[in-house]
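To start, the structure itself, in structure tokens.
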Amino acid sequence: MGGVATRMIGGRIALDRPGVAAHTGAAYSTVNHWHRHRARFGFPAGFHHDGGEYFWLDDIETFRVAHLAAKRAELTKVDRRGDPKELVGSGTAAKILGYSSYRNLPKTLLDRPDREEALPSGRIRRRWFRRTVWAFADARTGRQSTGRTPGTTGPRKPHPYDGDSRLDAAAELLAEADHTARDRHGLGVELARRLGIPQRTAQRILAAATSDTSQPSRAGATGRASREPVAPAG
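Everything in the sequence shown is counted per this note's numbering, starting at 497 for the first residue and increasing by one.
Pasting the structure below:
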């Protein structure tokens with residue numbers, strides 16, 4: 497992938513893909529995903545110069561601003577009523593954030609409860625101050641919003657990983673295997689290593705990437721691991 501390249505071409509600043517990743521703060525695989533789906537995201541097409549691929553910095557900055565604005569517009573409406581010092585469970589936290597279910601609470605919030613209680617079943621009940629939930633909502637950029645706005649459904653995804661930037665890493669690995677005539681057995685281990693994710697998740701992403709390239713209209717299997725918080729009464 498090489499280092500970050502910034503070049504002056506014809507009096508204008510240009511970036512290569514690592515440079516785009518550094519400028520936008522996105523992962524390199526996300527930049528690949530944006531480029532792969534340019535029509536959907538409005539990502540600049542780029543150009544070639546001296547054997548390399550580049551993007552104009554001002555085009556990337558225009559894209560970055562528009563992309564962040566679009567992601568923020570997708571965020572759910574926050575309920576700011578109530579005592580900021582009140583402790584609430586996952587069900588109420590979800591309602592505060594405008595999510596339809598506690599299952600939609602982002603991992604970044606679940607990993608930072610203000611209080612934890614071990615239940616006889618061995619599971620953990622998490623609680624947050626309302627002010628903590630509000631602060632989390634204020635810090636959102638759109639990337640970590642997993643709930644749908646109440647009353648809306650939107651188009652169904654062809655598979656659970658549609659729009660996931662990790663699909664590009666899986667597609668690249670599949671292409672490498674095909675190019676070298678490598679047996680696809682064991683690719684899940686390699687993808688898990690590259691992305692730092694569980695092997696089962698890597699296998700599902702590989703299956704989705706294969707579906708995208710061979711039968712794009714066919715939905716993949718979900719098989720999502722269950723790490724749900726306890727749903728309190730209130």
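From the three backbone atoms N, C-alpha and C, an ideal C-beta is built for every residue, glycine too.
None of these values were measured; they are calculated from a predicted model.
Mind checking whether residue i and residue j have CB atoms under 8 Å apart?
i      : j      : result
Ala665 : Ser525 : yes
Ala633 : Leu593 : yes
Asp610 : Thr628 : yes
Val574 : Trp624 : no
Arg626 : Pro580 : yes
Leu670 : Thr706 : yes
Tyr595 : Thr572 : yes
Given this structure, state the Cα-to-Cα distance separating residue i from residue j, to the nearest angstrom.
i      : j      : result
Pro694 : Glu582 : 36 Å
Ile556 : Arg621 : 43 Å
Trp552 : Leu511 : 6 Å
Arg690 : Pro514 : 17 Å
Leu733 : Arg696 : The shown model of the chain, from 497 to 730, leaves out residue 733, and the question about it has no answer.
Arg508 : Leu564 : 24 Å
Arg576 : Ala635 : 15 Å
Ser586 : Leu615 : 15 Å
Gly684 : His529 : 20 Å
Thr676 : Ser617 : 50 Å
Ala590 : Glu613 : 18 Å
His519 : Gly692 : 23 Å
Ser584 : Asp554 : It is worth fixing the name first, because residue 584 is Val in this sequence and not Ser. Cα-Cα distance, rounded: 45 Å.
Have a look at the options and flag the residue whose alpha-carbon is nearest the alpha-carbon of residue i.
i      : options                        : result
His545 : Lys591, Ala566, Gly506, Glu672 : Gly506
Ala566 : Arg536, Asp554, Ser586         : Arg536
Ordered along the chain, which non-local residues of its own chain (more than five positions away) have a Cβ less than 8 Å from that of residue i?
i      : result
Ala562 : Gly538
Gly542 : His531, Glu549, Tyr550, Phe551
To which residues of the same chain is residue i closer than 6 Å at the C-beta, ignoring the five residues directly before and after it?
i      : result
Ala517 : Tyr524, Val527
Arg680 : Ala673
Gly647 : Residue confidence for Gly647 is low, a pLDDT of 38 falling below 50, so the modelled location carries little weight; the figure read from the coordinates is stated next. So no residue of the chain qualifies.
Arg503 : Ala510
Thr645 : Any reading at Thr645 needs caution, since the residue's pLDDT is 38, under 50, leaving its predicted position unreliable; the model's value is listed next. Taken in chain order, the residues that qualify are Thr572.
Gly521 : none
Gly547 : none
Gly578 : Arg626
Pro651 : Any reading at Pro651 needs caution, since the residue's pLDDT is 44, under 50, leaving its predicted position unreliable; the model's value is listed next. Taken in chain order, the list of residues that qualify is empty.
Please work out which residues of its chain come closer than 7 Å, Cβ to Cβ, to residue i, disregarding the five sequence neighbours upstream and downstream, and give them in chain order.
i      : result
Arg532 : Asp664
Phe559 : Gly538, Phe539, Pro540
Arg534 : Ala541
Gly682 : none
Arg678 : none
Using a Cβ-Cβ cut-off of 8 Å, state whether residue i counts as contacting chain D.
i      : result
Ala523 : You won't find chain D in this structure, because it holds only one protein chain.
task = Any chance you could list the alpha helix (DSSP H) runs of at least 4 consecutive residues sitting entirely within the segment 595-637, in chain order?
result = Listed in chain order, they are 603-606, 626-635.
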